[in-house]
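J.:
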Amino acid sequence: MKRNRLVALFILMLVLAGTAYPAASLTQRHLTLLVVPARYNVLQVAFDAASLAPVALVSYQGEATTENPVLHAWNGSEWVYITMQDFREAHFLQVTPGQAILVGDETLLPPGLVTSAAGWCPKTMTVPATDPAGLVNALGAHLAFTRSDWKWIASRYNMNLQDLNADRRHESWYDQKGYRDELTPRLQSLPRHRRGRSRSDAETTPATETSAPASTVVPPAEVIEEPAENVAPAVEPRLTIPEPPVEPEVKAEEPEAKKGRKGKAKNEVSTPAEAGTPPEGWQEKAVSTESPVK
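Quick note: to get our numbering, add 107 to the position in the sequence shown (first position is 1).
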């Protein structure tokens, strides 16, 4: 018993979701109001467009000079008569469309329909073409037909499709001539090296001389030249060879010898070289030898 109740509740939820889905999808999608003259070929294209996109159909009978044209709205199963006042206040619509397309040239379309639709529709446009080919091209651009939609329309009306963007597909999107970016300024007239700059930076005004008030004028700074301090010149490093230490004077003492030849030797031995004087030939020998300092 409990299981049957759960199944019944689940089925009821599916039914409620199915009934609420069309209204929600119609509100979220971009609804278009299509106002066309009551002519067979125009109405046939209008019904085909309504099968491909969310469209509300309204037909009118009259000309451009007609003040109160006869209006009928399609409710999905039949045509319903509406007055001009209903159209002016959009009482016949449950959802306000995002755009309105009115078909007819200046000799066919009543101006009152255009002004009335512009009062409550955010975007209103007119299509002067009433022939099948011109009307299909105009509606396909405004209703964003897909590739399959174009193929179906072409086969239905025995038309030939021509891809206008075949050559542009070989180019990058930002190299296309017809591309226009509305978010960034157009800098095509600037030199190539300045295209990365904004227009405000590129346009410069000529400089003008401005004088500050007397109270804000700053006197020129005084420059005082001070003599540079006497800096001792840098000592140039030189390589010097240290002198050898002076050997202490050694006195050789011998016992007193006999006069004669030994006394002369005594004089030769006891005459040492002067203190602090290197022997002869040492300086030349010291200069000629290689220094251990690199």
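Positions of the beta carbon are idealized from the N, C-alpha and C atoms, including for glycine. Remember, predicted model here, so these are calculated numbers, not experimental data.
(1) Measure how close the beta-carbons of Thr246 and Ala145 come, nearest whole angstrom, since I'm counting them as under 8 Å.
(2) On the CB-based measure, 16 or more other CB atoms within 10 Å of its CB, does Gly241 come out buried or exposed?
(3) Taking the beta strand (DSSP E) that Leu209 belongs to, which residues open and close that run?
(4) To which residues of the same chain is Val187 closer than 8 Å at the C-beta, ignoring the five residues directly before and after it?
(5) Beta-carbon within less than 8 Å of Val162's beta-carbon, same chain only, minus the 5 sequence neighbours each way: which residues are those?
(6) Assign Lys366 to buried or exposed, taking buried as 16 or more other Cβ atoms, counted over all protein chains shown, within 10 Å of its Cβ.
(7) What do you reckon, are the CB atoms on Ile260 and Val234 nearer than 7 Å?
(8) Residues in its own chain within less than 7 Å of Glu174 by CB, not counting five upstream and five downstream?
(9) Under 7 Å, do Val221 and Val143 count as touching if we go by C-beta distance?
(10) Counting only the same chain and skipping the five closest in sequence on each side, list residues whose C-beta sits under 8 Å from that of Leu268.
(11) So what does DSSP say about Leu242, is it helix, strand or coil?
(12) Are there any heavy atoms of the ligand GTP lying less than 6 Å away from the beta-carbon of Val152, as far as the coordinates show?
(13) For Leu216, count neighbouring Cβ atoms within 10 angstroms of its own Cβ and tell me buried if that reaches 16, exposed if not.
(14) With burial defined as no fewer than 16 other Cβ atoms inside 10 Å of the residue's Cβ, what is the status of Leu164: buried or exposed?
(15) For the alpha helix (DSSP H) containing Ala225, list its first residue and its last residue.
(16) Could you say which of Ser166, Thr203 and Asn265 lies nearest to Ile189 if we only look at CA atoms?
(17) Whole angstroms is fine: what's the gap from Arg195's alpha carbon to Ala248's?
(18) Would Val149 be called buried (16 or more neighbouring beta carbons within 10 Å of its own) or exposed?
(19) For the alpha helix (DSSP H) that Val202 lies in, which residues bound it at each end?
(20) Can you find the residues in the same chain that come closer than 8 Å, C-beta to C-beta, to Ser255, ignoring five residues on each side of it along the sequence?
(21) Identify whether Ser166 lies in helix, strand or coil by the three-state DSSP scheme.
(22) With Ala180 as the anchor, note down where its beta strand (DSSP E) starts and where it stops.
(23) Rank Asp270, Leu159 and Ala171 by C-alpha distance to the C-alpha of Asp212 and give the top, closest one.
T.: Result, derived from the coordinates:
(1) The displayed chain sequence assigns Leu, not Thr, to residue 246. Actually they do not touch by this definition, with Cβ atoms about 17 Å apart.
(2) exposed
(3) Gln206 to Val210
(4) His179, Ala180, Trp181 and Phe199
(5) Leu138, Thr139, Leu140, Leu141, Ala153, Ala156 and Leu250
(6) Residue confidence is low: Lys366 scores 49 on pLDDT, short of 50, so the model does not pin down where it sits. No coordinate-derived value is stated.
(7) No. Outside cutoff.
(8) Around Glu174: Gly219.
(9) No, the pair does not count as a contact, with Cβ atoms beyond the cut-off.
(10) Trp257, Lys258 and Ala261
(11) helix
(12) Among the components modelled here there is no ligand, and therefore nothing to report on the ligand GTP.
(13) Classified as buried, Leu216 has 16 or more neighbouring CB atoms from the shown chains inside 10 Å of its CB.
(14) buried
(15) Pro218 to Trp227
(16) Ser166
(17) Each residue's Cα considered, the two are about 26 Å apart.
(18) Val149 comes out buried.
(19) Run containing Val202: none; DSSP gives neither H nor E here.
(20) none
(21) Strand at Ser166.
(22) Val177 to Trp181
(23) Ala171
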